[in-house]
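Engineer:
2 protein chains.
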Amino acid sequence: MRAATIRDGEIAVEEHPDPRPQTGELLVRVRAAGLNGADMMQLAGRYPAPPGAPKDIPGLEFAGEVLETGDAVERFEPGDRVMSIVGGGGQAEQVVVNERLAMPVPDELDWIAAGGVPEVFFTAHDALFTQAGLSVGERLLVHGAAGGVGMAAVQLATMAGARVTATVRDEHCREQVAALGVNAIEPEGFAEAGPFDVILELVGAPNWPANLDALALRGRIMVIGVGAGANIELDLRKLMFKRARILASTMRARPLEEKAIATRLVERAVLPGFVSGDLSVPVAATFPLDEVAAAYDRFKAGGKLGKVVLEI
Amino acid sequence: MRAATIRDGEIAVEEHPDPRPQTGELLVRVRAAGLNGADMMQLAGRYPAPPGAPKDIPGLEFAGEVLETGDAVERFEPGDRVMSIVGGGGQAEQVVVNERLAMPVPDELDWIAAGGVPEVFFTAHDALFTQAGLSVGERLLVHGAAGGVGMAAVQLATMAGARVTATVRDEHCREQVAALGVNAIEPEGFAEAGPFDVILELVGAPNWPANLDALALRGRIMVIGVGAGANIELDLRKLMFKRARILASTMRARPLEEKAIATRLVERAVLPGFVSGDLSVPVAATFPLDEVAAAYDRFKAGGKLGKVVLEI
Chain A
0 MRAATIRDGE IAVEEHPDPR PQTGELLVRV RAAGLNGADM MQLAGRYPAP PGAPKDIPGL
60 EFAGEVLETG DAVERFEPGD RVMSIVGGGG QAEQVVVNER LAMPVPDELD WIAAGGVPEV
120 FFTAHDALFT QAGLSVGERL LVHGAAGGVG MAAVQLATMA GARVTATVRD EHCREQVAAL
180 GVNAIEPEGF AEAGPFDVIL ELVGAPNWPA NLDALALRGR IMVIGVGAGA NIELDLRKLM
240 FKRARILAST MRARPLEEKA IATRLVERAV LPGFVSGDLS VPVAATFPLD EVAAAYDRFK
300 AGGKLGKVVL EI
Chain B
0 MRAATIRDGE IAVEEHPDPR PQTGELLVRV RAAGLNGADM MQLAGRYPAP PGAPKDIPGL
60 EFAGEVLETG DAVERFEPGD RVMSIVGGGG QAEQVVVNER LAMPVPDELD WIAAGGVPEV
120 FFTAHDALFT QAGLSVGERL LVHGAAGGVG MAAVQLATMA GARVTATVRD EHCREQVAAL
180 GVNAIEPEGF AEAGPFDVIL ELVGAPNWPA NLDALALRGR IMVIGVGAGA NIELDLRKLM
240 FKRARILAST MRARPLEEKA IATRLVERAV LPGFVSGDLS VPVAATFPLD EVAAAYDRFK
300 AGGKLGKVVL EI
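What follows is the structure in structure tokens.
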């Protein structure tokens, strides 16, 4: 099979042996695979693939058709449309995945949209609800809302009855985010739009210490992206007086059992939103697999609304 | 009545009008009242009394006998032995308190011990269990374990089946903490004794960034004391990879309803420990009310095991 391949800091398409499904696994013919920030970090050599994932094939999510099932597979059969997160290897013609991580693709989603769903909706749902406990009526600030996770978070929080403010640096993207009915603002001076019960941090250090000023009593800052810098100065006394919490998480290195639990939550809580029309998958650009280098360049350039997806 | 009184940064005993119980309140003849770190901060002018508390009488806890009850009091009557946290005013011959904050004093506790119970056991129970979710078998590190909250935390965590390590700077105190059966160590190099699932921070900045190094995957750092410094540098990326949480809290400024809920938890979960003998109240020193200035000096000098309590 052909697959996006990282070699010496470059990304290109190379031939690899076809993967084989082991017990409990699905072999999937990939139709679409989204790009994510972790792929960029892996390409830059700063985020090695976790144990069990292909070392040189990036890709944390995909959508496609089941080609073949390993022993003891119970939920899926050849021909089923599935989508999933994986520890790596998604940006390839074929991938194997444990069936516990696979979700059925709702009829309402085409391949391109489905290929951009798993990682960002999984990440956003876990961060907002499982980790930060966002609840109806609470005030949410999403930093860096125009990206894939940001757009998923804005939609999920709106669906959950939260009051959403979103910072978006690019003016054109900001208008598009505002069109979703949320309060879209520029990052400068965001604390004046607070206080917020939950802040979803997808940008990093430049938003500190203002994040603490913008936080409501008993507020939570959920850190899942620090591309703009990770080192901050923190006044613990201010954190105490606000009785606040800083939560931080990553998705990719979690063990199978935790990813499987999160996948079941996404099936129950998120997929119905695509059926009802509450949720959609904004796609900024698609590229064929042969143009994977261009896709990565587009992702890194920023200023996009939603996902960059490979069509495979 | 006579009461410890803060005037121009000094503490002394002065005459005050007797307080009167309003609806739902108890008037209590105070027998003993513990000192706490917040009293020192208030004396230093850095922690004004919260709304509704006497501006100039410190004291966040007391034990004594009910003298009189206001209208609509349901649980207590004159002569009952009670103890309670208060927003201030505890270091006085008389104090009024909402009955929802009062707890019965177990027969096993004398006045001195009871006067040192509410603030530290309330604070330690809330921090370890309600906030940080400490659970059986988890590894706990208590920084500054020889103080009042620290000793309460070490005992509660041991009672809860956690595995407890405690940092204690004073060598003599460290031996006494070790005698409780916990792993008592000096603060230097504490991270080597990790990893820990929960770190209770009662000291402050000097324990950072080592606190992050010492933390287990999915660990929680609970910050409730920063007397040695509050400003730290934090690597958010490290926090993400550990999927860790920094929690921070204070007790004194909480609204009545939250304090009442925490009080009920202490009644149910902590007071039985004094009856069974699992818990005790280490008292480092007692002073009569007239020697309140000496009591404050003793508290500030450090190197003590457990509480400093005024006998009133």
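These protein sequence lines are chains A and B, in that order. Residue 0 is where the first sequence starts when you use numbering that gives the first Met the number 0, and the numbers rise one by one after that. Residue 0 is where the second sequence starts when you use numbering that gives the first Met the number 0, and the numbers rise one by one after that. By construction, the Cβ of each residue, glycine as well, lies at the ideal position given by its N, Cα and C atoms. Predicted, not measured: the structure shown is a model, and the values here were computed from it.
#1: Between Gln-130 of chain B and Thr-157 of chain B, what straight-line distance do the alpha-carbon atoms span, to the nearest angstrom?
#2: Kindly indicate which three-state DSSP category Ser-275 of chain B falls into: helix, strand or coil?
#3: Candidates B:Val-222, B:Gly-218, B:Ala-190: which alpha carbon is nearest Ala-209 of chain B's?
#4: Which residue's Cα is closest to the Cα of Asp-17 of chain A: A:Pro-53, A:Asp-7, A:Ile-220, A:Phe-298?
#5: Under the rule that 16 or more other beta-carbon atoms within 10 Å means buried, what is Thr-122 of chain B, buried or exposed?
#6: How should Val-167 of chain B be labelled, buried or exposed, when 16 other C-beta atoms within 10 angstroms of its C-beta is the threshold for buried?
#7: Strictly below 7 Å CB to CB, what residues from chain B border Phe-240 of chain A?
#8: Residues of chain D with CB under 8 Å from Arg-1 of chain A, in chain order?
#9: Considering only the alpha carbon of each residue, which of B:Ile-223, B:Gly-115, B:Asp-55, B:Phe-298 lies closest to Gly-87 of chain B?
#10: With a threshold of 16 other CB atoms inside 10 Å of the CB of Ala-294 of chain B, please say whether the residue is buried or exposed.
#11: Anything in chain B within Cβ reach of Arg-236 of chain A, meaning under 8 Å, just list it in chain order.
#12: Should Pro-205 of chain B be labelled buried (16 or more other beta-carbon atoms within 10 Å of its own) or exposed?
#13: Relative to the alpha-carbon of Gly-69 of chain B, which residue among B:Pro-103, B:Arg-99, B:Arg-19 has its alpha-carbon at the smallest distance?
#14: Does the stretch 111 to 118 of chain A come into contact with the stretch 3 to 14 of chain A, if we say contact requires no fewer than three beta-carbon pairs (one atom in each stretch) closer than 8 Å?
#15: Measure the CB-CB distance between Pro-287 of chain B and Glu-310 of chain B and report whether it falls below 9 Å.
#16: Residues of chain B with CB closer than 8 Å to the CB of Arg-244 of chain A, please, in chain order.
#17: Going by C-alpha distance, which of A:Glu-60, A:Ala-37, A:Gly-23, A:Arg-45 is nearest Val-29 of chain A?
#18: CB-CB under 8 Å to Gly-44 of chain B, same chain, minus the five flanking residues each way: which ones, in chain order?
#19: So is Thr-22 of chain B buried or exposed if we call it buried at 16+ other beta carbons inside 10 Å?
#20: By the criterion of Cβ-Cβ separation under 8 Å, what are the contact partners of Gly-203 of chain B in chain A?
#21: Can you give me the start and stop residues for the alpha helix (DSSP H) that Phe-298 of chain A sits inside?
#22: Inspect the beta-carbon positions of Ala-145 of chain A and Val-176 of chain A and report whether they are closer than 9 Å.
#23: Please report how far the alpha carbon of Leu-155 of chain B lies from the alpha carbon of Leu-179 of chain A, in whole angstroms.
#24: What residues are listed by DSSP as bridge partners for Ala-103 of chain A?
#25: Please classify Asp-106 of chain B as buried or exposed, where buried requires at least 16 neighbouring CB atoms within 10 angstroms.
#26: Establish whether the CB of Ala-91 of chain B and some CB of chain A are separated by less than 9 Å.
#27: What are the boundary residues of the alpha helix (DSSP H) that includes Gly-114 of chain A?
#28: Quick one: Cα of Ala-113 of chain A to Cα of Arg-217 of chain A, how far?
#29: Does DSSP put Met-221 of chain A in a helix, a strand or coil?
#30: So the beta strand (DSSP E) His-142 of chain A belongs to, where does it begin and stop?
#31: If you run the structure through DSSP and keep just helix, strand and coil, what is Gly-33 of chain B?
#32: List, in order along the chain, the chain A residues whose C-beta lies closer than 8 Å to that of Val-222 of chain B?
#33: Quick check on Gly-149 of chain B: buried or exposed, where buried means 16 or more other Cβ atoms within 10 Å of its Cβ?
#34: At least one CB of chain A closer than 9 Å to the CB of Glu-200 of chain B: is that the case?
#35: Who are the neighbours of Glu-232 of chain B on chain A, taking C-beta pairs under 8 Å?
#36: Using DSSP bridges, identify the partner residues of Gly-63 of chain A.
Structural biologist: By the coordinates alone:
#1: Whole-angstrom Cα-Cα distance: 17 Å.
#2: Here DSSP, grouped into helix, strand and coil, assigns Ser-275 of chain B to helix.
#3: Distance check between Ala-209 of chain B and each of B:Val-222, B:Gly-218, B:Ala-190 places B:Ala-190 closest, using alpha-carbon atoms only.
#4: Among A:Pro-53, A:Asp-7, A:Ile-220, A:Phe-298, the Cα nearest to that of Asp-17 of chain A is on A:Pro-53.
#5: Counting Cβ neighbours within 10 Å, Thr-122 of chain B comes out buried, since at least 16 surround it.
#6: Val-167 of chain B sits buried, since 16 or more C-beta atoms from the chains shown fall within 10 Å of its C-beta.
#7: Listed by position along chain B, the residues whose Cβ is nearer than 7 Å to that of Phe-240 of chain A are Thr-249.
#8: In the structure shown, chain D cannot be found, because the protein chains are A and B.
#9: Measuring C-alpha to C-alpha distances from Gly-87 of chain B to each of B:Ile-223, B:Gly-115, B:Asp-55, B:Phe-298 identifies B:Asp-55 as the nearest.
#10: The C-beta of Ala-294 of chain B has 16 or more other C-beta atoms within 10 Å across all chains shown, which makes the residue buried.
#11: Per Cβ cutoff of 8 Å: Val-225, Ala-229.
#12: By the neighbour-count rule (16 or more Cβ atoms within 10 Å), Pro-205 of chain B is not buried but exposed.
#13: The option with the nearest alpha carbon to Gly-69 of chain B is B:Arg-19.
#14: A contact between stretches requires three or more CB pairs, one per stretch, nearer than 8 Å, and the stretch 111 to 118 of chain A fails this requirement with the stretch 3 to 14 of chain A.
#15: Taking 9 Å as the cut-off, the beta carbon of Pro-287 of chain B is found closer than this to the beta carbon of Glu-310 of chain B.
#16: Within 8 Å Cβ-Cβ: Arg-244, Ile-245, Leu-246, Ala-247.
#17: Proximity to Val-29 of chain A across A:Glu-60, A:Ala-37, A:Gly-23, A:Arg-45 peaks at A:Glu-60, based on C-alpha coordinates.
#18: The beta carbon of Gly-44 of chain B lies closer than 8 Å to those of Gly-8 in the same chain, with the five residues before and after it left out.
#19: Counting the other Cβ atoms within 10 Å of the Cβ of Thr-22 of chain B gives fewer than 16, which makes it exposed.
#20: Chain-order list of chain A residues neighbouring Gly-203 of chain B: Leu-235, by C-beta distance under 8 Å.
#21: Boundaries of the alpha helix (DSSP H) around Phe-298 of chain A: 291 to 300.
#22: Contact flag set, yes.
#23: Taking the straight line joining both Cα atoms gives about 50 Å.
#24: Before going on, a small fix: residue 103 of chain A reads as Pro here, not Ala. Residue pairing by DSSP places Pro-103 of chain A opposite A:Val-81 in a beta bridge.
#25: That one is exposed.
#26: At a cut-off of 9 Å between beta carbons, Ala-91 of chain B makes no contact with chain A.
#27: Looking at the DSSP string, the run of the alpha helix (DSSP H) that includes Gly-114 of chain A is 110 to 114.
#28: Distance between the alpha carbons of Ala-113 of chain A and Arg-217 of chain A is about 36 Å.
#29: Reduced to three states, the DSSP call for Met-221 of chain A is strand.
#30: For His-142 of chain A, the enclosing beta strand (DSSP E) covers residues 138 to 142.
#31: Three-state result, Gly-33 of chain B: strand.
#32: Correct list: Leu-235, Leu-238, Met-239.
#33: By the 10 Å Cβ count, Gly-149 of chain B comes out buried.
#34: It does; some Cβ of chain A falls within 9 Å.
#35: Against Glu-232 of chain B, the close residues of chain A are Asn-230, Ile-231, Glu-232, Leu-233, in the order they occur along the chain (beta-carbon pairs closer than 8 Å).
#36: A:Val-29, A:Val-81, per the DSSP bridge assignment.
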